[in-house]
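Numbering (this note's numbering), first residue to last: 815 to 975. By construction, the Cβ of each residue, glycine as well, lies at the ideal position given by its N, Cα and C atoms. Just so we're clear, the structure is a prediction, and the values are computed from it rather than from any experiment. Only one structure is covered here, and it is reproduced in the block below.
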């Protein structure tokens, strides 16, 4: 059974893997769109930050992102193919991932079991807040896996990388 400390450790691992995925890449490299349907590295990393934002919300914590950032990087948002309104710089996204990790690492040990057991409605039906926090971690991990192929795309197409 996963504990709160296990989850905190997993979030830290994901932050480190996200940083490793972009090591040596430029912000522009992270805007490269794959030739198959999907999203660029910038969107994927920003979307991971939305998972942390939502997890913090389930824990009753202050927001990590602005409403505009959630709209730009949230579920169903348009692909990012180039610089544009609301597109965050790579460094900003990495900072948001770090801040989200820190906020969750602070909140998880202190929230009550009662709060985690509260039922909420989700697209999966009724679940607990604790389950949704875990689901957000799983969801960001799923997207973290996509960064490997997106890194290879950037390395293959970028003369700077």
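What residue from the options has the CA that sits closest to residue i's CA?
i, options, result
"residue 829", "959, 970, 966", "959"
"residue 870", "910, 966, 970", "910"
"residue 857", "949, 823, 887, 912", "887"
"residue 831", "841, 868, 912, 941", "912"
"residue 917", "821, 931, 897", "821"
"residue 815", "948, 836, 961", "948"
Can you round the beta-carbon distance between residue i and residue j to whole angstroms, since I take them to be within the 8 Å contact cut?
i, j, result
"residue 894", "residue 845", "6 Å"
"residue 902", "residue 860", "6 Å"
"residue 936", "residue 946", "6 Å"
Mind checking which residues open and close the alpha helix (DSSP H) that includes residue i?
i, result
"residue 824", "818 to 836"
"residue 947", "943 to 971"
"residue 881", "881 to 887"
"residue 858", "855 to 872"
Which same chain residues, not among the five before or five after residue i, have their C-beta less than 6 Å away from its C-beta?
i, result
"residue 853", "893"
"residue 847", "854, 895"
"residue 964", "855"
Can you list, in chain order, the residues of its chain whose CB lies under 8 Å from that of residue i, leaving out five sequence neighbours each side?
i, result
"residue 953", "865"
"residue 925", "873, 874"
"residue 950", "865, 866, 868, 869, 872"
Cutting at 7 Å between CB atoms, please list the residues of its own chain near residue i, excluding the five before and the five after it.
i, result
"residue 975", "The pLDDT assigned to residue 975 is 49, lower than 50, so where the model puts this residue is not dependable, and the model offers no usable value."
"residue 944", "930, 931"
"residue 884", "864, 867"
"residue 833", "908"
Is it true that the CB of residue j sits closer than 8 Å to the CB of residue i?
i, j, result
"residue 915", "residue 825", "yes"
"residue 863", "residue 879", "yes"
"residue 818", "residue 940", "no"
"residue 932", "residue 942", "yes"
"residue 962", "residue 835", "yes"
"residue 882", "residue 898", "no"
What residue range does the beta strand (DSSP E) around residue i cover?
i, result
"residue 912", "Note, residue 912: premise wrong, no beta strand (DSSP E); alpha helix (DSSP H) at 904 to 921."
"residue 934", "933 to 936"
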